[in-house]
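Shown next, in structure tokens, is the structure this report addresses.
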Amino acid sequence: MKSYILKRILSLIPVLLIVSIVVFMIIHLTPGDPASVMLGPEASQEDVEQLKNHLGLNDPVYQQYFHWVEGVFQGDLGDSFFMDKPVTAAIIEHLGPTISLAILSQITAILIALPLGIFAARKRGTVTDQTFMGISLLGISIPHFLFGLFLIIILAINLRWLPVAGYRPLSAGLWEHIKYLIMPAIALGTGQAALIARMTRSSMVETLNLNFIKTARAKGLHERKVIYKHTLRNAFIPILTVIGQTFGTLVAGAAVTETVFNIPGIGQLIINSVERRDYMVIQGTVLMVTVTYVLINLIVDLLYGVIDPRVRLKKES
Amino acid sequence: MGEHLLEVKKLKTHFQTERGKVTAVDGISLHVDRGEVLAIVGESGCGKSVTAQSILRLFEENGVTTYDGEINFEGKNLLEQPLSEMRKIRGNDISMIFQDPLSSLNPVFTIGDQIMEPIMLHQKLSKKEAYKRAIEMLKLIGIPAPEQRVHEYPHQISGGMRQRVMIAIALACQPKLLIADEPTTALDVTIQSQILELIDSLRQKLDMGIMLITHDLGVVAQHCTRVAVMYLGEVVEEGDVDSLFENPLHPYTQGLINSIPQLTGDRNQKLSIIKGMVPSLNDIPKGCRFAPRCPYASAKCIEEKPALETLENNKRIMCWHYKEIEGAVSNAT
Amino acid sequence: MELVVEKKRQLSDFRRDINRERRRLFVRRFFSNKLTVTGSVILLLTLLITIFGPMISAYNPYEMVVTSRLKAPSGEHLFGTDNLGRDLFARVVYGARASMGVGLSVAIITSILGMVVGLYSSYYKILDHILMRICDGLMAFPAILLAIALMAALGTKIENVIIALSAVFTPYVARVVRSAALVVREQTYIEAMKAQGASSLRIIWAHIAPNTLSPLIVYATFIFADAIIIEAGLSFLGVGVPAPDPSWGNILYDGKLVIFTAWWMTFFPGIAIILSVLGLNLFGDGLRDLLDPHTNRSKK
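Protein chains in written order, with the working numbering: chain A, 44 to 360; chain B, 1353 to 1685; chain C, -19 to 280.
Written out as structure tokens, the structure reads:
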């Protein structure tokens, strides 16, 4: 298990190297001179030169990269040009809503997906199964921001059950907090639920065909136990993988959904920064979200060992 | 004739497939008594395993399988029992061992957990007592250092050990009938005989009836009391081991016996094989099912289906020409 | 001599018959699944509308009529009008060109690039290490996030949307092609050909490449669908297809501003997105079941 963990962590090094280069390149891919783009067409040549010096844009590119990476390792993502504060500070300010939304969506997704996927697997081949899988494909085919807009029209504007948009922090009270997050969480969670449900179904169906399921039934176990104890545990690794992937997607997908619901999270920070050409913030947030995504997938991989002794005990036998 | 432990009467198992209904087991009748070993032999695809799993109604969960006939076990027709009653019988009164021990054991639970499961379920023992029983079972089946093994996972032990564990699971509740579906096919030859010896000795200890499914006639000759030969979902010949080997009546049985390599005797004699392959269940021959592959087949065989006749010494045979063939074979030898 | 010709002719006839039979069987199996048929019909309709829609539209999608702003759907304006008084039906139909066009372009470009990258990295070990690490790095980004970042750098233009999405999706295609190619590469006949001195170029393109086509086609269908979704997201955020050109995403962007009063501005482009993506997904699922049953749809 130790060597497995070590190997998995070492494999992240090239990945993170590429990620950092791509993120760094964002500012340099801009056609023309990023400093004049940032300052707008009316800026004087002097101001542009000054900003260039300030950002170190006159240094050789590799030097700029090492300088930037050095900063990243010290927790310094640079300063926001427009907000006049460190990027890290801006990220921390916007982190809360995104985390709340991501967690709530993930819970929604899992609560919908697991029971449906298991049910469909038990009814495999029947009309019920096909109907569920058809619906889940519909779920994959609706972009979550669009689903969010539909929810606003129906639940908030026509039925007036929920607030149209906005955000209240947890300090405003739990219900108040959740009330504003219900629609975004459903919008974001449903598509992920469809993916998780499909994977749950296919993994369960595959496992149900394995011989040890026959053994379990031949022991006289109740079908419930066969499903939830013997099948689910074995079918869980691919399900967990998808859950991990969707959780990462949620954090990124929140970017669009937050715009729909005016939630002041990381997504909105990115979009606003794109509009303002605030490159330091774009780089910092994109890097942060991607590294989080990578780490979540790492944790999922490490969880395999907990679920499956064959992974855990590989080196010992 | 007293009551049999297990008596299967005209059992049919139908599967609903994409290409229509398929009858994998077609009206077979069998019985097993306490303390005896009934072998079911035949090539792959003859319905041996389906027969075995039909007895425990293991196909039911997928909802596309139906059964006809009777399976009487200790006077109860299993096909008429509610599923809850079936669950009490499975693993308790009738147990089953499968072919491939690695895939038949759940990889994510320890050996101990898997042995304790039926004990706790059927004998309502506490976890602690079940644990003690599991250790005893491991000792009984000859696994060294059981206190250690009990905490190991299936992938950590050898193939022979795994099959021993499967046997321990099957015998944990001291069943009256053990169905062993090719229990040694996936194992090394040396391990094979150890496992069969073990099953044999446990049979004597527990006075179980055993239904042993195999395609290995050597195993049958050594370990079984009676044999039923299956071909394409039907029993074509049945009898005591000795008489069946000495005097096989059905051309299919003869074919099977002749295809065993002999260690003694004429080395140059060609090993005979049965020509052709078992046809698919989708196109079953209309007359005798073996006719297309049978060296003795006549026009009658192709047109008309023979019935299963009962002869003296509990021997049964399904063939139009067995009397003539008998002569032909004894003349040749 | 004549006999040989005759035999050859028979053989080619026989092959042709077999191929025809296979195609017939393929088509029959493909259309035996109701969901697949539904998907194909939807896909065909969206494609027809994309190509011929602008011809049946009575209005110019750019023409603003100040007096008829935000009119609800009616006989005159089938889908209503938008906040600038433009006919929404015309905009949705013309928008299909942008949305479907981006999706199709991305599917084609990623297929070509992904095939080249996948094939060559399956063939040359060192190249494999380099290219696959780059792919891993790019795949580490959540797709939409990388797309936003690239758009931020490149600037909002429809060409840039295609470039950004191609960069996002190519690694996924390369992975699929590579793993299909590796299976073929391991086979003995490839070794035998090498021993006979066949050129790498020939082995790669004439022998390995054809075997990667099935998974590639299936995967390209899903990329087509995903690209439509991400393009819509980018345009909805204002970093995709720029105004005044219509795309389903930027109509939604305008629609959000008037969501309280004009539901139709969200509803119609929304349905267009859902139908086209659903059609592609159903079609792709059907194709996969036939061509490549083992590929799971990996997610970005």
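All C-beta atoms, glycine included, are put in the ideal place defined by N, C-alpha and C. Quick caveat: nothing in here was measured; it's all calculated off a predicted structure.
* Using 8 Å as the Cβ pair cut-off and three pairs as the minimum, do the segment 4 to 14 of chain C and the segment 39 to 55 of chain C touch? -> no
Checking the sheet assignment: what are the DSSP bridge partners for K1428 (chain B)? Translated into positions along the second sequence, residue 1428 (chain B) becomes position 76. K1428 (chain B) pairs with B:F1425.
Neighbourhood of H1507 (chain B) by C-beta distance below 8 Å, restricted to the same chain and skipping five residues each side | Working through the second sequence from its first residue, we reach residue 1507 (chain B) at position 155. Excluding sequence neighbours, H1507 (chain B) sits near L1454, P1459.
Hey, could you find the ends of the alpha helix (DSSP H) Y347 (chain A) is sitting in? Indexing the first sequence from 1 puts residue 347 (chain A) at position 304. For Y347 (chain A), the enclosing alpha helix (DSSP H) starts and ends at 322 to 350.
ask   = Out of A:L264, A:Q93, A:L72, A:A230, which has the shortest C-alpha to C-alpha gap to Q1475 (chain B)?
value = The residue you call residue 1475 (chain B) lines up with position 123 of the second sequence. With respect to the C-alpha of Q1475 (chain B), the residue from A:L264, A:Q93, A:L72, A:A230 having the closest C-alpha is A:L264.
- Where does L130 (chain C) sit, in a helix, a strand or coil, going by DSSP? Taking the third sequence and counting its residues from 1, one reaches residue 130 (chain C) at position 150. Looking at L130 (chain C) - three-state DSSP - the assignment turns out to be helix.
Does the distance from the C-beta atom of L1539 (chain B) to that of L1530 (chain B) stay below 9 Å?
By 1-based counting over the second sequence, the position of residue 1539 (chain B) is 187. By 1-based counting over the second sequence, the position of residue 1530 (chain B) is 178. Between L1539 (chain B) and L1530 (chain B), the CB-CB gap reaches or exceeds 9 Å.
ask   = Just how far apart, CA to CA, sit G296 (chain A) and I256 (chain A)?
value = As a first step, residue 296 (chain A) must be located in the first sequence, where it is residue number 253. As a first step, residue 256 (chain A) must be located in the first sequence, where it is residue number 213. Near 38 Å, if we compare the C-alpha coordinates of I256 (chain A) and G296 (chain A).
Q | Residue environment, R155 (chain C), which counts as buried when at least 16 other CB atoms sit within 10 Å | A | By one-based count along the third sequence, residue 155 (chain C) stands at place 175. Buried, by the Cβ-count rule.
Determine the DSSP secondary structure at Y1483 (chain B), reduced to helix, strand or coil.
Indexing the second sequence from 1 puts residue 1483 (chain B) at position 131. Three-state result, Y1483 (chain B): helix.
Report task. Consider the Cβ of L264 (chain A): report whether some Cβ of chain B lies at a distance smaller than 9 Å. Result -> Translated into positions along the first sequence, residue 264 (chain A) becomes position 221. With 9 Å as the cut-off, L264 (chain A) counts as an interface residue toward chain B.
- So what's S87 (chain A) in DSSP terms, helix, strand or just coil? Reading the first sequence from its first residue, position 44 is the one you call residue 87 (chain A). The answer is coil: DSSP assigns S87 (chain A) none of H, G, I, E or B.
Quiz item: Listed in chain order, which residues of the segment 225 to 257 of chain C have Cβ atoms closer than 8 Å to some Cβ of chain A?
Solution: Answer set for the segment 225 to 257 of chain C: L232, G235, K236, I239, F240, W243, T246, F247, G250, I253, I254, V257.
Three-way DSSP call (helix, strand, coil) for S245 (chain A) in this model: Taking the first residue of the first sequence as position 1, residue 245 (chain A) is located at position 202. Judged by DSSP in its simplified three-state form, S245 (chain A) adopts helix.
- Message: Taking contact to mean 3 or more Cβ pairs, one atom from each stretch, closer than 8 Å, check whether the segment 1478 to 1496 of chain B and the segment 1510 to 1522 of chain B are in contact.
- Response: Between the segment 1478 to 1496 of chain B and the segment 1510 to 1522 of chain B, the count of Cβ pairs shorter than 8 Å is three or higher; the stretches touch.
**Item:** Cβ separation of L312 (chain A) and H137 (chain A), assumed to be a contact under 8 Å, to the nearest whole Å
**Value:** Along the first sequence, one-based indexing puts residue 312 (chain A) at 269. Along the first sequence, one-based indexing puts residue 137 (chain A) at 94. About 4 Å separates the two Cβ atoms, so the contact holds.
| said: Quick check on DSSP: helix, strand or coil for H1366 (chain B)? | reply: What you label residue 1366 (chain B) is simply residue 14 of the second sequence in a count that begins at 1. Correct three-state label for H1366 (chain B): strand.
Using a C-beta to C-beta distance shorter than 7 Å, which residues of chain C count as neighbours of T302 (chain A)?
On the first sequence, residue 302 (chain A) is found 259 positions in, with the first residue counted as 1. Neighbours of T302 (chain A) on chain C, chain order: L217.
field: Residue environment, W218 (chain A), which counts as buried when at least 16 other CB atoms sit within 10 Å
entry: In the first sequence, residue 218 (chain A) corresponds to position 175, counting from 1. Flag for W218 (chain A) reads exposed.
- Counting only the same chain and skipping the five closest in sequence on each side, list residues whose C-beta sits under 6 Å from that of K1373 (chain B). Residue 1373 (chain B) sits at position 21 when you count from the first residue of the second sequence. Around K1373 (chain B): H1366.
Quiz item: Hey, quick one: how far does the beta strand (DSSP E) through G1379 (chain B) stretch, first residue to last?
Solution: Here the question's residue 1379 (chain B) lines up with position 27 in the second sequence. For G1379 (chain B), the enclosing beta strand (DSSP E) stretches over residues 1372 to 1384.
Margin query: Please tell me whether P1470 (chain B) has its Cβ less than 9 Å away from any Cβ of chain A.
Written below: For the purposes of this step, residue 1470 (chain B) is taken as the residue at position 118 of the second sequence. Yes, because at least one Cβ of chain A sits closer than 9 Å to the Cβ of P1470 (chain B).
List the residues of chain C that V337 (chain A) touches, going by C-beta distances under 7 Å, in chain order. The residue you call residue 337 (chain A) lines up with position 294 of the first sequence. Ordered by position in chain C, the residues that pass the 7 Å Cβ test against V337 (chain A) are A120.
**Prompt:** Roughly how many angstroms lie between the CA atoms of L126 (chain C) and T292 (chain A), to the nearest whole one?
**Reply:** Stepping through the third sequence from its first residue, residue 126 (chain C) is reached at position 146. Stepping through the first sequence from its first residue, residue 292 (chain A) is reached at position 249. The alpha-carbon atoms of L126 (chain C) and T292 (chain A) are separated by roughly 12 Å.
Practice item. Measure the alpha-carbon distance for F1642 (chain B) versus T250 (chain A) and round it to whole angstroms. Key: In the second sequence, the residue the question calls residue 1642 (chain B) occupies position 290. In the first sequence, the residue the question calls residue 250 (chain A) occupies position 207. Rounded to whole angstroms, F1642 (chain B) to T250 (chain A) spans 37 Å at the Cα level.
Report the rounded CA-to-CA distance for K202 (chain A) versus M226 (chain A), giving the unit in angstroms. In the first sequence, counting from the first residue as 1, residue 202 (chain A) sits at position 159. In the first sequence, counting from the first residue as 1, residue 226 (chain A) sits at position 183. Correcting the residue type first, residue 202 (chain A) is Leu in the shown sequence and not Lys. Taking the straight line joining both Cα atoms gives about 13 Å.
Worksheet item: To the nearest angstrom, how far is it from the Cα of Q1606 (chain B) to the Cα of V1581 (chain B)?
Response: As a first step, residue 1606 (chain B) must be located in the second sequence, where it is residue number 254. As a first step, residue 1581 (chain B) must be located in the second sequence, where it is residue number 229. Straight-line Cα distance between these residues: approximately 11 Å.
In chain order, what are the residue ranges of uninterrupted alpha helix (DSSP H) at least 4 long that sit wholly in the segment 199 to 261 of chain A? 217 to 251, 254 to 261
- Message: Run through the DSSP bridge pairs and tell me what R1668 (chain B) is partnered with.
- Response: Taking the first residue of the second sequence as position 1, residue 1668 (chain B) is located at position 316. According to DSSP, R1668 (chain B) bridges with B:E1590, B:T1662.
Straight-line gap, H1567 (chain B) to S1545 (chain B) (C-alpha atoms, nearest Å):
Residue numbering aside, residue 1567 (chain B) sits at position 215 when the second sequence is read from its first letter. Residue numbering aside, residue 1545 (chain B) sits at position 193 when the second sequence is read from its first letter. Approximately 15 Å between the Cα atoms of the pair.
Runs of beta strand (DSSP E) lying entirely within the segment 90 to 153 of chain A, each at least 3 residues, in chain order = none
| query | Mind checking if G1443 (chain B) is an interface residue toward chain A, Cβ cutoff 9 Å exclusive? | reply | Translated into positions along the second sequence, residue 1443 (chain B) becomes position 91. It does; some Cβ of chain A falls within 9 Å.
inquiry  = In whole angstroms, give me the CA-to-CA distance for M1563 (chain B) and A1532 (chain B).
reply    = Position 211 of the second sequence, counted from the first residue, corresponds to residue 1563 (chain B). Position 180 of the second sequence, counted from the first residue, corresponds to residue 1532 (chain B). M1563 (chain B) and A1532 (chain B): Cα-Cα distance of roughly 6 Å.
- prompt: Cα-Cα, which of C:S54, C:V86, C:A147 is closest to V65 (chain A)?
  reply: On the first sequence, residue 65 (chain A) is found 22 positions in, with the first residue counted as 1. Nearest of C:S54, C:V86, C:A147 to V65 (chain A), Cα basis: C:A147.
Less than 9 Å between the beta carbons of A212 (chain C) and W228 (chain C), yes or no?
By one-based count along the third sequence, residue 212 (chain C) stands at place 232. By one-based count along the third sequence, residue 228 (chain C) stands at place 248. At a Cβ-Cβ threshold of 9 Å, A212 (chain C) and W228 (chain C) count as neighbours.
Boundaries of the beta strand (DSSP E) in which E1578 (chain B) is found, first to last residue
Residue mapping note: residue 1578 (chain B) aligns to position 226 of the second sequence, counting from 1. The question names Glu, but residue 1578 (chain B) is Arg in the sequence shown. Residues 1578 to 1583.
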